[in-house]
Amino acid sequence: MFTIPPHVLKRPNAFTPSEGSIWTNEHISKNMLQAHLDPSFEGATRNHRFIDKSAAFISTMAGPRIIDFGCGPGLYTERFAKLGHNVTGLDISSRSIAYAKAHDNQSTYYVHDYLQPAPTEMLHDFATLIYCDYGALSKENRKTLLHNLKQTLTSGGQLFLDVFSMHQYGAFEEAMIWEHHPSSGFWSSEPHLTLTQSTRYTKNITLEQTVVATEEETVVHYIWNEYFTLEQLEQELTDAGFLVEKRFDDVAGSTYTGQAPTIAILARVDSTRS
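Positions in the sequence shown are counted from 1; adding 3 to them yields my numbering.
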């Protein structure tokens, strides 16, 4: 019998962490890796044709040494290495890093939580933070990430990142879906129920909340996203000690229009600030 305690249905404070990590859970992380590796699926990363295009574009801007924050199974890092860069990849998922190491012996990989100082003392010319990871963090955690990221860059080193735009926030659809899984599914290897609720939380934050109930336990997973105006994103980067250099509609270098689902920014460490 499946039981869902009433407290898991209460509205959490914004950016409340999940009870369990999708990146370290043995069963879920396996499914996340499969989603990353599906060349046409865009739930975990972008489709591989877009990755080819964006990696080639990023390579034209980047210096010799690239560090990729949240590299996953190495879809970008492997491409950067093949394009001639010296590459470091960081990701919290040990399963993803194991895959990356097995398929790319040119790059250096670390299992790492990027809210902690980077595990390498090497300074890099260029850092990437791709697929809107930045907006999945609270404002305080974004400050921590930018500080940690900045410490891995040379004086004048560059950062390239993307976020979801307010245009994408306007397209977000609220929904509530109950599903019964009589056997293994994405969220559990056991028979289970899931309640997935997608909610516009504030004027620029959304929550995708999934309650997973098995006969033994109930676990709640939160996927938060903050959506940005160009002005807000640029201000946060400036406050963190970066100078904004270029703006794009996406990480493949599309001309900035302000009407795309994402905003991509190229910024440089402000060497006049400590």
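Think of the CB as a built atom: it goes at the ideal place given N, C-alpha and C, for glycine as much as any other residue.
Quiz item: With DSSP run on the structure shown, which of helix, strand or coil describes I226?
Solution: strand
Exercise. Give the DSSP bridge partners of W181, in chain order.
Key: L198
Quiz item: Taking one C-beta from the stretch 128 to 140 and one from the stretch 214 to 224 each time, how about it: are there three or more such pairs within less than 8 Å?
Solution: no
Self-check item: Three-state secondary structure (DSSP) of D242
Solution: helix
Quiz item: If you compare alpha carbons, which of F129, L156, H127, L164 is closest to R145?
Solution: L164
Quiz prompt | Option in T63, D71, T205, T19 with minimal Cα separation from H115 | solution = D71
Quiz item: Where does P8 land, buried or exposed, given buried means 16+ other C-beta within 10 angstroms?
Solution: exposed
Quiz item: Quick one: what's got a C-beta closer than 8 Å to F83's C-beta in the same chain, skipping five residues either side?
Solution: A58, I61, S62, A65, I69, D71, V90, S110
Quiz item: With 16 as the cutoff for other CB atoms within 10 Å, does L78 come out buried or exposed?
Solution: Its Cβ being crowded by 16 or more others within 10 Å, L78 is buried.
Exercise. Just the C-alpha distance for T209 and T202, rounded to the nearest angstrom, thanks.
Key: Between T209 and T202, the C-alpha separation is close to 6 Å.
Practice problem: Find the nearest neighbour of H269 within the set R276, H88, D252, Q262, judged by alpha-carbon distance. | Solution: A quick correction: the sequence has Leu, not His, at residue 269. Each of R276, H88, D252, Q262 was checked against the Cα of L269, and the nearest Cα belongs to D252.
Quiz item: Does the pairing of the stretch 146 to 165 with the stretch 239 to 254 give three or more beta-carbon distances under 8 Å?
Solution: yes
Quiz prompt | Boundaries of the alpha helix (DSSP H) in which H279 is found, first to last residue | solution = Lying outside 4 to 277, the shown extent of the chain, residue 279 is not represented and no answer is given.
Quiz prompt | Own chain residues within Cβ distance below 7 Å of T147, not counting five before or after | solution = L118
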